[in-house]
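Numbering (the working numbering), first residue to last: 1 to 115. Note that the Cβ used here is the ideal one computed from N, Cα and C, for glycine as well. This report concerns only the one structure given below.
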Amino acid sequence: VSFLAGAAIVTAYEVHKLINEAKIYEEEETKRNIKRIKLRSCRIQTAINCQCAIENLLPILRKRIFVKTDTSSLAKSLKLRRKNKNDSESKEIERELWDQIKISVLSRLILSSYC
């Protein structure tokens with residue numbers, strides 16, 4: 001009888017120990033899950049903030065691109081050069097103006113595709 005009582009006490013102790021270990025494991029797992037959820041929430045909020053910042057920046061950036069790649073003054077200079085076709089130097093300047101216009105237009109096209 002005392003053997004059975006001892007075995008019952010040891011078994012009860014082991015069961016109690018296993019239950020406590022399971023509770024500790026469950027608490028740790030819950031803490032890890034909460035940490036993951038908080039981290040995921042922070043990442044989502046950061047992504048939303050970045051998207052809003054970029055969306056607010058793009059119109060400003062687009063305006064700056066159009067100002068920096070403005071070709072109207074180059075086109076006016078080119079028209080004036082064509083009206084005053086006097087010398088060979090004028091043709092060289094005309095080519096340079098065309099090259100600048102091409103670079104500006106291509107730059108505007110490429111940069112605007114990102115905005």
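Taking the alpha-carbon positions, what's the residue i to residue j distance?
i, j, result
"cysteine 50", "isoleucine 110", "23 Å"
"arginine 95", "lysine 63", "28 Å"
"isoleucine 60", "leucine 97", "28 Å"
"arginine 32", "tyrosine 25", "10 Å"
"leucine 80", "serine 90", "10 Å"
"arginine 40", "alanine 47", "11 Å"
"serine 72", "isoleucine 44", "44 Å"
"alanine 12", "alanine 22", "15 Å"
"histidine 16", "valine 10", "10 Å"
"glutamate 55", "cysteine 42", "20 Å"
"glutamate 29", "leucine 57", "42 Å"
Do residue i and residue j have their C-beta atoms closer together than 8 Å?
i, j, result
"isoleucine 93", "leucine 74", "no"
"phenylalanine 66", "arginine 108", "yes"
In the DSSP assignment, find the unbroken alpha helix (DSSP H) run with residue i in it and report its ends.
i, result
"asparagine 84", "Element bounds for asparagine 84: n/a, residue is neither H nor E."
Residue i by DSSP, collapsed to three states: which one?
i, result
"isoleucine 69", "According to the sequence shown, residue 69 is threonine rather than isoleucine. Here threonine 69 sits in coil by DSSP."
"valine 10", "helix"
"valine 15", "helix"
"valine 105", "helix"
Write down the C-beta distance between residue i and residue j rounded to the nearest angstrom, noting that I regard them as a contact closer than 8 Å.
i, j, result
"serine 104", "threonine 69", "4 Å"
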